[in-house]
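Beneath this line is the structure, given in structure tokens, with notes to follow.
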Amino acid sequence: MSSLIQKGGKRPFLIAGPCSAETEEQVMETVRQLHASCSIDVLRAGIWKPRTRPDSFEGVGEEGLKWLVDAGKMIGVPTTTEIANAKHAELALKAGVDILWIGARTTVNPFAIQEIADALVGTKIPVMVKNPVNPDLELWIGAFERLEKAGITDLTAIHRGFSVYKHPKYRNVPSWELPISLRERLPHIPLICDPSHISGKRALLLEVSQKAMDLNFDGLMIESHINPDEAWSDAAQQLTPANLRILLDQLVLRSREVSDTALLGLEELREKIGILDDRLFEILTARMRLSEEVGAFKQGHNITILQEDHWRKMISSRLEKSGEYGLAERFVRLMMDALHQESIRHQTRVMNPNVHLPPNGKAD
Ligand code: PEP
Ligand code: MN
30 MSSLIQKGGK RPFLIAGPCS AETEEQVMET VRQLHASCSI DVLRAGIWKP RTRPDSFEGV
90 GEEGLKWLVD AGKMIGVPTT TEIANAKHAE LALKAGVDIL WIGARTTVNP FAIQEIADAL
150 VGTKIPVMVK NPVNPDLELW IGAFERLEKA GITDLTAIHR GFSVYKHPKY RNVPSWELPI
210 SLRERLPHIP LICDPSHISG KRALLLEVSQ KAMDLNFDGL MIESHINPDE AWSDAAQQLT
270 PANLRILLDQ LVLRSREVSD TALLGLEELR EKIGILDDRL FEILTARMRL SEEVGAFKQG
330 HNITILQEDH WRKMISSRLE KSGEYGLAER FVRLMMDALH QESIRHQTRV MNPNVHLPPN
390 GKAD
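Residues 30 to 393 (our numbering) are what the sequence shown spells out, left to right.
Put into structure tokens, the structure is as follows:
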């Protein structure tokens with residue numbers, strides 16, 4: 030469990046600061062303004078920047094560590110920076126950075142994580158681990174395990190979304206089910222959301238931050254810069270410290286605890302939902318019995334299970350009605366695909382009852 034971020038403590042626990050340290054003045058002025066307008070808990074700044082393309086600004090390197098550490102001391106808050114290898118770890122520790130974070134492009138690589146874990150043995154430094162760029166929960170968990178085995182137990186998770194090709198809304202899609210599953214698997218690890226890298230643009234920051242609060246995240250990491258449009262990295266997603274204050278003021282923080290009266294009302298509604306869910310599953314069972322009848326019929330007439338034209342028509346007629354149902358098109362598509370898969374499984378059982386491989390994988 031993180032020593033800094035107490036689960037269920039002050040919310041949102043706030044980590045803020047520029048995407049990158051650019052100059053000493055930019056770091057100091059950003060921090061002065063942040064301190065004046067928001068109460069931040071940890072100061073962030075990237076010193077080594079993992080950039081997608083060469084010839085972009087790749088961070089100021091070692092000299093920026095002192096700016097970060099001095100700025101943190103000036104306002105009395107701990108500091109954090111991204112490390113991607115053992116050398117970064119060594120330099121950041123030597124400079125007195127209080128917390129390290131591992132970026133999304135590093136979490137993806139078990140060799141790099143192991144190298145960092147080995148470099149941190151014996152230090153007890155708090156470490157925050159961003160999710161890997163790809164939506165692989167096991168890889169994220171694996172990073173925590175490698176660090177824990179190296180004796181680094183002061184751990185925090187940061188959800189920064191997952192890379193996809195040209196998403197219309199997000200820079201990195203949130204896929205909230207992954208951090209929710211992480212929380213289920215590693216309940217002792219506090220969970221922070223990084224709305225900046227999920228959003229990629231200022232306009233989305235409030236919506237993503239609010240969602241994180243509604244999903245019980247313990248805190249937020251938000252990039253802030255004195256002059257965001259002129260930032261040397263991630264210009265479109267950074268906020269001035271004053272605008273960060275405005276964002277924080279608009280966040281609605283709802284209680285995680287349910288009072289006895291609220292619980293009564295909730296239970297009544299949940300009971301109604303339970304009854305509907307029971308009916309839903311009864312209907313699904315009946316639906317699959319019909320699929321088995323269809324399977325027997327197809328077998329009798331020697332026709333294939335998959336009838337593409339029919340399937341296309343079924344999908345499009347349901348998708349057309351998604352508005353009428355009040356359901357997202359994506360959900361209707363997922364439901365139809367799941368129904369179809371299960372229906373094929375039932376039909377297969379009826380039509381090919383003896384087609385299976387023996388457990389040792391060899392044909393009989
Ligand atoms: C960052 O925080 O500036 C950063 C590079 O993050 P990520 O690893 O999420 O891309
Ligand atoms: Mn950034």
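Even glycine gets a Cβ: it sits at the ideal position worked out from N, Cα and C.
Any non-hydrogen atom of ligand 2 closer than 8 Å to residue i Cβ
i, result
"C48", "yes"
"Q279", "no"
"G88", "no"
"G303", "no"
"Q55", "no"
"Q266", "yes"
"E252", "yes"
"G93", "no"
"G75", "yes"
Near ligand 1: residue i beta-carbon under 8 Å from a heavy atom
i, result
"D306", "no"
"A133", "yes"
"E322", "no"
"D263", "yes"
"P224", "no"
"R189", "yes"
"E51", "no"
"P41", "no"
"P203", "no"
"I231", "The sequence shown places Arg at residue 231, not Ile. Not under cutoff, so the answer is no."
"R318", "no"
"P382", "no"
"P83", "no"
"E337", "no"
"P79", "yes"
"E213", "no"
"E111", "yes"
"K159", "yes"
Beta-bridge partners of residue i, as assigned by DSSP
i, result
"H16", "A query on residue 16 cannot be resolved here, the shown segment of the chain reaching from 30 to 393 and no further."
"I344", "According to DSSP, which records beta bridges pairwise, I344 is partnered with nothing at all."
"L45", "A small correction: the amino acid at residue 45 is Ala; Leu does not occupy that position in the sequence shown. Bridge partners of A45: L72, I251."
"M157", "W130, T185"
"V202", "F191"
Residues near residue i in its chain [Cβ-Cβ closer than 7 Å; skip 5 each side]
i, result
"R134", "P79, V162"
"L282", "R40, M242"
"G171", "P139"
"E119", "A148"
"E91", "L120"
Neighbourhood of residue i by C-beta distance below 6 Å, restricted to the same chain and skipping five residues each side
i, result
"F191", "P164, N201, V202, S204"
"G93", "A50, I76"
"I44", "V71, R73, M250"
"S66", "P270, A271, R274"
"M57", "A100"
"R415", "No statement about residue 415 is possible, as the shown extent of the chain runs from 30 to 393 and does not include it."
"M365", "I344, R347"
"S225", "I251, E252, Q266"
"F42", "I34, D70, D247, G248"
Close Cβ partners of residue i (< 8 Å) along its chain, the five nearest in sequence each way excluded
i, result
"E358", "L348, S351"
"G324", "I334, H375, Q376, T377, R378, V379, M380"
"K95", "A124"
"A260", "P47, C48, S49, E51, H254, Q267"
Query raised in the report: Unbroken alpha helix (DSSP H) runs of length 4 or more, entirely within the region 206-273: which are they?
Result: 206-214, 224-228, 234-243
Query raised in the report: Going along the chain, which unbroken runs of the alpha helix (DSSP H) with 4 or more residues stay wholly within the region 93-155?
Result: 115-124, 133-136, 139-149
**Report entry** Within the region 353-392, ranges of the alpha helix (DSSP H) (whole runs, at least 4 residues)
**Finding:** 358-380
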